[in-house]
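K.L.:
In full-length UniProt numbering, the protein residues as written are 1 to 146.
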């Protein structure tokens, strides 16, 4: 794109994903950085959610444990508690997959450890079965907030 002077297409693809979402989902830190710089601080683009699932670049990166991408998105103004269609926030996504480092990042950025998804579960409840390290951060945050 940059080498040939081609414009960066920021509108969603036919399936509703933006280049930022695709790069975040895949953990392509350099591409995420480039897209953020190319589009500037465009909060609508940073927080764009897929029409079918409600996933954002942040929730996709959190679900896959891409801590560097999560850090860039948070610094660019990604909404930390924006829910997907199933009510899960990025914190739910990271907790459910056991990404303790991302859980810690999101909590430091102000994510709500008491948020409930559509079935009424908190991030700690989603982490409870398999991910004790992520759950420990969440329980400490719940205790601090509650």
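Beta carbons are placed, not taken as given, at the ideal position from N, Cα and C, and that holds for glycine.
I'd like to check one pair, residue 45 with residue 99: are the Cβ atoms closer than 8 Å?
P.N.:
No, Cβ-Cβ distance for residue 99 and residue 45 is not below 8 Å.
K.L.:
Quick test of your reading: residue 115 and residue 106, contact by CB under 8 Å. State the CB separation rounded to the nearest angstrom.
P.N.:
That pair is no contact at about 11 Å.
K.L.:
Closer than 7 Å by C-beta to residue 145: which residues in its own chain qualify, once you throw out the five before and the five after it? Chain order, please.
P.N.:
For residue 145, where only same-chain residues beyond five positions count, the Cβ hits under 7 Å are 113, 114.
K.L.:
Taking the CB atoms as reference points, tell me whether residue 111 and residue 80 lie closer together than 8 Å.
P.N.:
Yes. Within cutoff.
K.L.:
Assuming the contact rule is C-beta atoms closer than 8 Å, residue 82 and residue 25 should be a hit. Round their C-beta distance to whole Å, please.
P.N.:
Not a contact, Cβ separation roughly 16 Å.
K.L.:
Can you tell me whether residue 117 is buried or exposed? The criterion is at least 16 other CB atoms within 10 Å of its CB, across all chains shown.
P.N.:
Buried.
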